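Protein chains in written order, with our numbering: chain A, 1 to 305; chain B, 306 to 610; chain C, 611 to 915; chain D, 916 to 1220. Yeah, the Cβ is synthetic: ideal placement off N, Cα and C, and Gly gets one too. Treat the numbers as computed from the prediction; the structure is a model and nothing was measured.
4 protein chains.
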Amino acid sequence: MDELLEQILRDCHPYTTEGKLANYIPELAKANPDDFGIYIISSDDRINRAGDYNKTFTIQSIVKPILLLLALMDNGIETVREHVGVEATGKPFDAINYSEQSLLSDHLNPMVNMGAIAMCTLIKGESYLERFERLLELTRKLAGNPSIQLDEAVYLSEKRTGSKNRALAYLLKTYGMITDDVEDVLDCYFRACSIKVNCADLAKIGYTLANHGRAPFSGERLFPEQYASYVNAILMTCGMYDGSGEFAVKVGVPAKSGVGGGIMAVVPTRMGIGIFSPALDQKGNSVAGIKALELLSKKLYLSIF
Amino acid sequence: MDELLEQILRDCHPYTTEGKLANYIPELAKANPDDFGIYIISSDDRINRAGDYNKTFTIQSIVKPILLLLALMDNGIETVREHVGVEATGKPFDAINYSEQSLLSDHLNPMVNMGAIAMCTLIKGESYLERFERLLELTRKLAGNPSIQLDEAVYLSEKRTGSKNRALAYLLKTYGMITDDVEDVLDCYFRACSIKVNCADLAKIGYTLANHGRAPFSGERLFPEQYASYVNAILMTCGMYDGSGEFAVKVGVPAKSGVGGGIMAVVPTRMGIGIFSPALDQKGNSVAGIKALELLSKKLYLSIF
Amino acid sequence: MDELLEQILRDCHPYTTEGKLANYIPELAKANPDDFGIYIISSDDRINRAGDYNKTFTIQSIVKPILLLLALMDNGIETVREHVGVEATGKPFDAINYSEQSLLSDHLNPMVNMGAIAMCTLIKGESYLERFERLLELTRKLAGNPSIQLDEAVYLSEKRTGSKNRALAYLLKTYGMITDDVEDVLDCYFRACSIKVNCADLAKIGYTLANHGRAPFSGERLFPEQYASYVNAILMTCGMYDGSGEFAVKVGVPAKSGVGGGIMAVVPTRMGIGIFSPALDQKGNSVAGIKALELLSKKLYLSIF
Amino acid sequence: MDELLEQILRDCHPYTTEGKLANYIPELAKANPDDFGIYIISSDDRINRAGDYNKTFTIQSIVKPILLLLALMDNGIETVREHVGVEATGKPFDAINYSEQSLLSDHLNPMVNMGAIAMCTLIKGESYLERFERLLELTRKLAGNPSIQLDEAVYLSEKRTGSKNRALAYLLKTYGMITDDVEDVLDCYFRACSIKVNCADLAKIGYTLANHGRAPFSGERLFPEQYASYVNAILMTCGMYDGSGEFAVKVGVPAKSGVGGGIMAVVPTRMGIGIFSPALDQKGNSVAGIKALELLSKKLYLSIF
């Protein structure tokens, strides 16, 4: 199996030059497009890995399912569902999904920016810094890695340059979907996106989702089963932005990508997969990462369809 | 199990009065809102059923996955994918997904009307009547029911009143995505929507998709495995129109609904389910049908997430 | 003054090569891009003209103000206003101005295709052929030219290839804004667009609008003053499609262009102008025609602002 | 004539109860819906007035033509046109005119919020406070009223609650159409909207536009003629938001309304009119104000069409 992973990385390496590094914030453009790693945890406690699996990168949008999990743990499904819808928007990740001068909770989706910003307000905490600390703590716990930290440079870069996210947040505020101070909420969101992880971290988080809330190895229950189903279902329909349909057809498992180059894939009951290659396609998904998952899915019959 | 189904029908019966009969064509408004049936085929060849499982109704949009299958069988995945995209549109089933004066194949989806109309042109046949006959033949074969027929009254009603579909088809023509005569293509589409089925038919078709192309009981391969995965993945992300996200979260299996009141659900490797209750919610899905699937999914742990 | 016109045609002639002939119907692509003519009637009964002012071309969208006039004469302002709005759509001439699954009369504008198609149903007549005949008769009367005819080849070409207009018309039908047979209504619309005129005809029609309903020379009242104001106001805000704002700033008079290459300009109380040059900009307006009007407006202080 | 104005105010007074006070900022909701005034300056130096013509209110969007004038005076037509388009957007005043993930200068219009915010960056000044001071100075000069001041309470209220404008401004920033600090730019914009004027002020500003840049009485040239034409043309096509078409048809002169309840009308070569009645229709225009202008236009043949 390790050989299979090595082979897949070799076969997909040419794709690392096909995409482009995220350049909407300067820090992300400093990544090495040559980095390529994969890490898999299987239900029989096996670990397989290849390439740059221990290089760190910022989690970016892969924090969205963790945000959603924490919102669910803090409020339950009903309240979260009331505030943030679950339908695909049919639009890019940072789209203004808004029409005819109205904005409803059903226009939001937890896997795109507007919905994720709204979810920051559903996490409990005295301050938005405390809310972020709780999110960071959950991330560490899910990844079984207490050393996970914020990437300060990326965070500051996001905060300085995040005009589009500010536009989205002020729109949420306009329609009463955020009542707190917009800059406070955004600070939490920018920090959340700047958590530094590696492929092993993503694989463990993905495994716990695949295992319906139980951690790998220990089997400890970290969150209720029904929250796993809720998150996985949304990852399936919307986790790869407006490339989710293509990914469902070609790979066939719930997954989430981030513009940092990571992808976390969830193979229900079977596997958690973390993958990293920072060159992105036009939709913001790792080109080589998707290609590797496609090959892996074919080889190991991962598709749940 | 038959008792469970009886119980679920009883529990969900109040929902049959919550929706509205489809009224966009007069014939559909003649349905009896009280009808409610379910039929399940499981992987151990068991059959379970309750209520009005043998009442017939028109297949409507549930013909879309069959249309897609036939297009795949006639052309292969690559060609079909080139002509009709796979992303959720984020819009209602009959929406004009079109923007900035352009219309691309990626704007289409096989599970919404524009994409389905385009798929009619991908089916092989000398004439559009022959294309329809081949589709009807496939439907009969998948359902193992050679007596499946067209509902002539519904077909004529659709043909007479289908202005929105005509608008969609002429738009496809404008952008070169249909080259044949629009009325010919629509005639095939209107006929396709007017095929008369019952819950047993839908359960068998659903089972064959769940079983990756092999018919129930005989195990005969009716189409290649990869086409089943392709269809099921699209049913998962888009089968319930702009209610697909909600359905993924609440039920968690690929499914397709039609405004005739039917729902076909595909529980991969486990079950095919046909359900019928003609009162619809605002998105065009059977209210009681969805509710029954929700209960069933909870009881039998059907969700693939 | 004739010298001024000659000079302007010479100065603007280079612009005749900058645009493109309309090619959405084959017949229009046969025009000679070198043709360039202008014809002006002034309030002191003077006629000035230069270039190919007597070449004929199809009226295309310039028929829209005549359609509107006839609708007003047949129904009065109130009824027409109820069926067709007056706001700029902010979109191209053949746009689908439609959103959130609804289509209201306020989405329509008499100067873009959807609104003009709807206006065909407001004209009186036993049949749609009779409605067209009445429109042709009014055109002849306004132009003082009983020999104006239909261009049969363009009409047939429009009828054969007009998919976009069919899409628009079926959308109108879907929302109850057309109740008659769509092909009948479109036949009237396609004929209307195919009326053959020259610069002199347009100048006379424009003069009558400028003169608040009184014909040039004779002073005969052809329609009530308030209809002229209604039409001129709409020409000002929407006559040059989504280039109307630019035209208001640069030329400053009500005008209507057609993809046949004609422009009719109305200088209230002072002039009617007909101009012809078939090469169009991306918005469907004659490039050299607009340029000539711009120069003329500067020289003669035509802007009403 | 004063009698005519008294009569018109009486006849239109019932309309003051038909609209609603602007409530998007608390301060505006404190206006007295019963206030109703009009002030007219004619080309023969006559002044006519009636009602509450000397009550003050905030200028709100009527500052947009003044902003545009100053931008023109500071940069010339070409530069301003490059940064801010001139086409009607077909949308409400605070709409996000943005599509397909792109935002171009041609999507902007100086008479809607996004365009007006962008224009603040075109005014010259060391700081945004200085830019505002220059705008205030120009307003005083145009109105011949050195005592015109900022309404501090409204300004602070706008600044505190202006989420939608912040969303618009950050969107402009995202697409590089604002490079300065968003809060600085908005501060200038919020101040601009909060300038306190009365009907006499608006009449004088309107007269100067009608008189192509020359002040009433003195005849002093305050700005070049071509800037007046530019501004008036845009007022004609877009000055009354998405009610501009209706206003063109019913009143027929360039005008600008503000949510403070004011309307400034420009009757080219003939009159400047200031009117005030704070109850607004759904588009944000003074209901009774429009009605009064409609009557006045009919009585005095003001329409330029």
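query: Per DSSP, what kind of secondary structure is S194 (chain A) in: helix, strand or coil?; result: coil
query: What are the boundary residues of the beta strand (DSSP E) that A954 (chain D) is part of?; result: Here the sequence assigns Tyr to residue 954 (chain D), which means Ala is not the residue at that position. 952 to 957 is the extent of the beta strand (DSSP E) around Y954 (chain D).
query: What are the residues of the segment 75 to 90 of chain A that lie near chain B, defined by any Cβ-Cβ distance shorter than 9 Å?; result: I77, R81, G85, V86, E87, A88, T89, G90
query: Once DSSP output is grouped into helix, strand and coil, what is the label at Q226 (chain A)?; result: helix
query: Return the residue from the list B:Y475, B:G557, B:S462, B:Y460 that minimises the CA-CA distance to T771 (chain C).; result: B:Y475
query: What is the C-beta distance between I914 (chain C) and I805 (chain C), in whole angstroms, given that I count them as a contact (C-beta under 8 Å)?; result: Actually they do not touch by this definition, with Cβ atoms about 28 Å apart.
query: In this structure, does DSSP put F1047 (chain D) in helix, strand or coil?; result: helix
query: Quick test of your reading: M271 (chain A) and S42 (chain A), contact by CB under 8 Å. State the CB separation rounded to the nearest angstrom.; result: 5 Å
query: May I ask you to list the residues that DSSP assigns as paired with N353 (chain B)?; result: B:I345
query: Please confirm whether K1198 (chain D) has its beta-carbon closer than 7 Å to some beta-carbon of chain A.; result: no
query: Let me know the secondary structure DSSP gives L607 (chain B) once reduced to three states.; result: coil
query: Please state if the CB of T139 (chain A) and the CB of I109 (chain A) are separated by a distance shorter than 7 Å.; result: Ile is not the amino acid found at residue 109 (chain A); the sequence shown has Asn there. No, these two residues do not count as a Cβ contact at 7 Å.
query: Got a sec: which bits of the segment 467 to 494 of chain B sit with their beta carbon under 7 Å from any beta carbon on chain C, in order along the chain?; result: S468, K469, R471, A472, Y475, L476, K478, T479
query: Determine which residues share a DSSP beta bridge with G1176 (chain D) and list them.; result: For G1176 (chain D), which the question treats as bridged, DSSP gives no partner whatsoever.
query: Below 7 Å between beta carbons: does that hold for L103 (chain A) and Y175 (chain A)?; result: yes
query: Could you give the distance in angstroms between the alpha-carbon of F341 (chain B) and the alpha-carbon of T322 (chain B)?; result: 11 Å
query: Would you mind working out which of D:L936, D:G966, D:D959 sits nearest E918 (chain D), comparing C-alpha positions?; result: D:G966
query: Keeping to the same chain, check which residues put their C-beta closer than 6 Å to that of S366 (chain B); ignore five residues upstream and five downstream.; result: G563
query: Beta carbon of F93 (chain A), beta carbon of N75 (chain A): below 7 Å?; result: no
query: Classify L447 (chain B) as helix, strand or coil using the three-state DSSP reduction.; result: helix
query: Figure out for me which residue from C:S907, C:R659, C:I648 has the closest Cα to the Cα of V920 (chain C).; result: There is no way to answer for residue 920 (chain C), as the model of chain C reaches only from 611 to 915.
query: Could you give the DSSP three-state label for S523 (chain B): helix, strand or coil?; result: coil
query: For T668 (chain C), which residues does DSSP report across the bridge?; result: C:K806
query: For the candidate residues A:N54, A:K30, A:V80, A:G289, whose alpha-carbon lies nearest to that of V251 (chain A)?; result: A:G289
query: At least one CB of chain D closer than 7 Å to the CB of P878 (chain C): is that the case?; result: yes
query: Leaving aside the five residues before and after I940 (chain D) along the sequence, list all residues of the same chain whose C-beta is less than 6 Å from its C-beta, in chain order.; result: S1072, E1073, T1076
query: List the residues of chain B whose Cβ lies closer than 9 Å to the Cβ of E246 (chain A), in chain order.; result: R386, G390, V391, E392
query: Can you give the Cα-Cα distance for A1130 (chain D) and A1143 (chain D), rounded to whole angstroms?; result: 12 Å
query: Any chance the segment 1030 to 1049 of chain D sits against the segment 979 to 993 of chain D, with 3 or more Cβ pairs inside 8 Å?; result: yes
query: Measuring CB to CB, does K325 (chain B) end up less than 7 Å from L605 (chain B)?; result: no
query: Using the C-alpha atoms, what's the distance from P33 (chain A) back to L122 (chain A)?; result: 36 Å
query: Apart from the five residues on each side of it in sequence, which residues of its chain come closer than 6 Å, Cβ to Cβ, to V897 (chain C)?; result: Y625, E628, G629, A889, D891
query: Quick one: Cα of N48 (chain A) to Cα of L600 (chain B), how far?; result: 38 Å
query: Any idea what DSSP makes of G1121 (chain D), helix, strand or coil?; result: helix
query: Under a Cβ-count criterion, where at least 16 other Cβ atoms within 10 Å of its own Cβ denotes burial, should T689 (chain C) be classed as buried or exposed?; result: exposed
query: Using a threshold of 7 Å, state whether the C-beta atoms of A810 (chain C) and L745 (chain C) are closer than that.; result: no
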